[in-house]
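Adding 3 to a residue's 1-based position in the sequence shown gives its number in the working numbering.
The beta carbon of each residue, even a glycine, is placed where N, CA and C say it ideally should be.
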Amino acid sequence: MDREDNSMESEFYEDNEEILHEAMNNAYLLIIGELTYEELIDVGSELWLPSGFDEQLSIDTVIKYFESIEDYEKCSDMLKVKKAIKESGSKDALKDVYNKIQWGN
């Protein structure tokens, strides 16, 4: 994606804060394992995710978003996932970490 595309995407999300929030919330739910892609598709509404979304590579972006709206509980959950991925050292760590994380602590 070039700079012009990034600018257009930024303008799109600035004009559509609800869509940005839904995209980030969907990303959060996918990353922490509370939602699968199949469940997201089955909802039947628009499927919003951040541009270029990758469960492992997008964690920092999603954390920054939730910090900006002061939703620190979600930040904490995401940091637990990030830590578990780092500790596992596995490329496919998200498949392994969901059951190992102590949620709600």
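Determine the direct distance from the alpha carbon of residue j to that of residue i, and round the result to whole angstroms.
| i | j | result |
| --- | --- | --- |
| residue 69 | residue 60 | 16 Å |
| residue 63 | residue 38 | 19 Å |
| residue 26 | residue 92 | 27 Å |
| residue 67 | residue 50 | 21 Å |
| residue 53 | residue 23 | 7 Å |
| residue 4 | residue 20 | Only weak support is given to the placement of residue 4: the predicted model assigns it a pLDDT of 40, under 50, and the question is left unresolved by the model. |
| residue 85 | residue 41 | 23 Å |
| residue 31 | residue 90 | 20 Å |
| residue 74 | residue 56 | 20 Å |
Please state whether DSSP places residue i in a helix, a strand or coil.
| i | result |
| --- | --- |
| residue 84 | helix |
| residue 45 | helix |
| residue 70 | helix |
| residue 19 | coil |
| residue 63 | helix |
| residue 90 | helix |
| residue 58 | coil |
| residue 32 | helix |
Here's the rule: buried if 16 or more other CB atoms are within 10 angstroms of the residue's CB, otherwise exposed. What is residue i?
| i | result |
| --- | --- |
| residue 46 | exposed |
| residue 29 | buried |
| residue 58 | buried |
| residue 44 | exposed |
| residue 88 | buried |
| residue 82 | exposed |
| residue 35 | buried |
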